[in-house]
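J.:
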């Protein structure tokens, strides 16, 4: 690959200046050469907030004007908006403009890009920064959000290597560790380690919340329940879109998990103490070994 | 009920001076009148550690000697040891000695007490402090562990009201909020809000850890996975015992959860966007409302 320094971008256009897009803007402000950052969004309110907070230099609702001489377009809006955003920028792309995104699912986004960008599809690099999003909105943006975090790029065989290298350099400047996968491999991995746990947490809370004695149950739920269900507090609309976008992989994961639960249930039914302990020991060791490898 | 001040106990014997027992000892040291605290344990090492840390005044391996003039016995060792501990103290109980425990399951403990204590069973008050136990051992003990935490007592119809009142006062002196339930109601509630989530977390980690691509999956697991699986790092032997001790209620919870998962899966299979969003919204609201009510 070719390496680039922070002078590679003079003007960056960010669609969606919330936690994800805003944090990219803030980290770029720590570079030696700071590009101009133009924010584009649906909500005039969060654009104004992003401007006040100094995340962006210019707030734009006029896409044509925002796109003039843009080196890079980062789409950090809800994935459901991605096709419309791609359609709106298509007429304003020049041969050098690089387009990337930050969506949690990638097969769908790559398909949108292929459909909407036509002969400019090779300038699009799908991306997914793996950074927590408990809080959202411009005020949640942090300059150090991506330090040590994984960012996955899902380029196509046709994607320009220059585009891949420059988007890689962008995320590395934010402190992230960049990997590449196919869109399908990405979606399979995140169905297992992220989308499935979210659905399991939603299911547990719903299972208890709809009972007649829910109030009693919640009264005595403590720290284990708190951590297990934290992700059940996530944004319902976003998770509806993720679940539907990654439906096939997620259905496969739900099936495997139900099988794993049935096997554990069988051990409990026959009161197989050794079998249960072996399973708990293996899982406990795997989880604690994993935790040691992570920057939390 | 009758109220007691901190002079009610002159000598307390604690079996198992780890996080739970050691934290009770530490909180009692903040009282106006500090009882003598005698620690009894299997491991001479943690007894010595508890002594060095000032959790206990005396470390004993001789039960007869430890029990002389004891006002209160707190059993804070693994539940599997409870029958043997009750058997060992039975000959040394006088008419005024009160016995309580801190086990996570109560139907089994109440049955052990009935079987082992005979005509002294009415001096036993089953108890369960709902306090996090990520760390364990004497060094993990904290004087403020129980402040604002729930403690559930599961007295029998025969239990002496004086014994119930004094154990209630003990936990209130530690800053806890004391409730009463039947042993079975306790076990049903905790099967749902604690034992089930632990098994679900163990099952998820095991489901991923045994795959050929486990390393890749764990590499990209992030903060949502970290919190969801924290309780899968819990003590395997302890959770084996809890699962077996509360087998019937836990099997019922596993069945209900599998049904809840199947209903969610059905919504995803037919791509029912409204159904999924309604479920996620209801669960998300319930979880976030719950979190607001908790001292975390």
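Protein chains in written order, with the UniProt record's numbering: chain A, 1 to 296; chain B, 1 to 296. A virtual CB, placed ideally from N, CA and C, is assigned to each residue, including glycine.
For the beta strand (DSSP E) containing residue 100 (chain A), list its first residue and its last residue.
T.: That run of the beta strand (DSSP E) goes 98 to 101.
J.: Need the endpoints of the alpha helix (DSSP H) that residue 190 (chain A) sits in, please.
T.: Looking at the DSSP string, the run of the alpha helix (DSSP H) that includes residue 190 (chain A) is 183 to 190.
J.: Is the separation between the beta-carbon of residue 163 (chain A) and that of residue 146 (chain A) shorter than 9 Å?
T.: In this structure, residue 146 (chain A) does not lie closer than 9 Å to residue 163 (chain A) by Cβ.
J.: In the DSSP assignment, the beta strand (DSSP E) including residue 59 (chain B) goes from what residue to what residue?
T.: Looking at the DSSP string, the run of the beta strand (DSSP E) that includes residue 59 (chain B) is 58 to 60.
J.: Mind checking if residue 102 (chain A) is an interface residue toward chain B, Cβ cutoff 9 Å exclusive?
T.: Chain B contact via Cβ: absent.
J.: If you draw a straight line from the C-alpha of residue 206 (chain B) to the C-alpha of residue 195 (chain A), how long is it?
T.: Each residue's Cα considered, the two are about 17 Å apart.
J.: Quick one: is residue 11 (chain A) buried, meaning 16 or more other Cβ sit within 10 Å of its Cβ, or exposed?
T.: Classification for residue 11 (chain A): buried.
J.: What are the residues of the stretch 247 to 266 of chain A that lie near chain B, defined by any Cβ-Cβ distance shorter than 9 Å?
T.: The stretch 247 to 266 of chain A vs chain B, Cβ under 9 Å: 247, 250, 251, 253, 254, 255, 256, 257, 258, 259, 260, 261, 262, 263, 264, 265.
J.: Which chain A residues are close to residue 180 (chain B), counting only those with a beta carbon under 7 Å from its beta carbon?
T.: Under the 7 Å cutoff, chain A gives no residues; its nearest Cβ is about 12 Å from residue 180 (chain B).
J.: Give the straight-line distance between the Cα atoms of residue 2 (chain A) and residue 267 (chain A), rounded to the nearest whole angstrom.
T.: Roughly 55 Å separates the two Cα atoms.
J.: From residue 45 (chain A) to residue 279 (chain A), what does the alpha carbon distance come to, in whole angstroms?
T.: Taking the straight line joining both Cα atoms gives about 51 Å.
J.: Name the chain B residues that come within less than 7 Å of residue 205 (chain A), Cβ to Cβ?
T.: Chain B residues near residue 205 (chain A): 283, 286, 287.
J.: Can you grab the Cα-Cα spacing for the pair residue 85 (chain A) / residue 212 (chain A), in whole Å?
T.: Rounded to the nearest angstrom, the two C-alpha atoms are 45 Å apart.
J.: Suppose contacts are defined by Cβ-Cβ distances below 9 Å. Is residue 71 (chain A) in contact with residue 97 (chain A) by that definition?
T.: Their beta carbons are under 9 Å apart, which means residue 71 (chain A) touches residue 97 (chain A) by this criterion.
J.: Would you decide whether residue 106 (chain A) is buried or exposed? Buried here means 16 or more other CB atoms lie within 10 Å of its CB.
T.: It is buried - the Cβ of residue 106 (chain A) has at least 16 other Cβ atoms within 10 Å.
J.: Extract the residue ranges of the alpha helix (DSSP H) inside the stretch 173 to 244 of chain B, only unbroken runs of 4 or more that lie entirely within it.
T.: Listed in chain order, they are 183 to 190, 196 to 209, 214 to 220, 223 to 228.
J.: Quick check: what's the CA-CA separation for residue 28 (chain A) versus residue 173 (chain A)?
T.: Those two C-alpha atoms are separated by around 7 Å.
J.: Between which two residues does the alpha helix (DSSP H) containing residue 52 (chain A) stretch?
T.: Residues 44 to 52.
J.: Can you tell me the Cα-Cα spacing of residue 178 (chain A) and residue 203 (chain B), whole angstroms?
T.: Taking the straight line from one Cα to the other gives about 30 Å.
J.: Quick one: which chain B residues come within Cβ less than 9 Å of residue 242 (chain A)?
T.: Within chain B, no residue comes near residue 242 (chain A); the closest Cβ sits about 10 Å away, beyond 9 Å.
J.: Give the secondary structure of residue 19 (chain A) by DSSP, where H, G and I count as helix, E and B as strand, and everything else as coil.
T.: Helix, per DSSP.
J.: Short of 8 Å Cβ to Cβ, which residues in the stretch 8 to 21 of chain B face chain A?
T.: Cβ contacts with chain A: none found.
J.: Would you please verify whether the beta carbon of residue 69 (chain A) is less than 9 Å from any beta carbon of chain B?
T.: No - not a single Cβ of chain B is within 9 Å of the one on residue 69 (chain A).
J.: With distances taken from CA atoms, which of B:222, B:192, B:238, B:262 is nearest residue 76 (chain B)?
T.: Closest by alpha carbon: B:238.
J.: Would you verify that the beta carbon of residue 221 (chain B) is, or is not, closer than 9 Å to some beta carbon of chain A?
T.: For residue 221 (chain B), the answer is yes, since a Cβ of chain A falls inside 9 Å of its Cβ.
J.: Just to confirm my understanding: we take residue 253 (chain A), look at its own chain, exclude 5 residues before and 5 after, and list those with CB closer than 8 Å. What are they?
T.: If we look at residue 253 (chain A) and ignore the five residues flanking it on each side, its Cβ neighbours are 191, 192, 195, 196.
J.: By alpha-carbon positions, which one of A:21, A:290, A:250 ends up nearest to residue 78 (chain A)?
T.: Measuring from the Cα of residue 78 (chain A), the nearest candidate turns out to be A:21.
J.: To the nearest angstrom, how far is it from the Cα of residue 180 (chain B) to the Cα of residue 129 (chain B)?
T.: Approximately 12 Å, taken between the alpha carbons.
J.: Indicate whether residue 14 (chain B) and residue 74 (chain B) have their beta-carbon atoms separated by less than 9 Å.
T.: Yes; because the gap between Cβ atoms is below 9 Å, this pair is in contact.
J.: Sorted by chain position, which residues of the same chain lie with C-beta nearer than 6 Å to residue 150 (chain A)'s C-beta, five sequence neighbours on each side aside?
T.: Around residue 150 (chain A): 130, 177.
J.: Under 7 Å Cβ to Cβ from residue 138 (chain B), same chain only, skipping five residues before and after it: list those, please.
T.: Contacts found: 17, 18, 22, 46, 49, 50, 53, 55.
J.: May I have the straight-line CA-CA distance separating residue 33 (chain B) from residue 127 (chain B), to the nearest angstrom?
T.: The alpha-carbon atoms of residue 33 (chain B) and residue 127 (chain B) are separated by roughly 23 Å.
J.: Would you report the Cα separation of residue 155 (chain A) and residue 242 (chain A), rounded to the nearest angstrom?
T.: Between residue 155 (chain A) and residue 242 (chain A), the C-alpha separation is close to 20 Å.
J.: Let me know if residue 198 (chain B) comes out buried or exposed under the rule of 16 or more other beta-carbons within 10 Å of its beta-carbon.
T.: Burial call: buried.
J.: Does residue 276 (chain B) get closer than 9 Å to chain A when you measure Cβ to Cβ?
T.: Yes, residue 276 (chain B) lies at the interface with chain A (some Cβ there is under 9 Å from its Cβ).
J.: For residue 379 (chain B), return the contacting residues in chain A, with the cut-off set at a CB-CB distance below 9 Å.
T.: Past the edges of chain B, shown from 1 to 296, lies residue 379 (chain B), and the structure says nothing about it.
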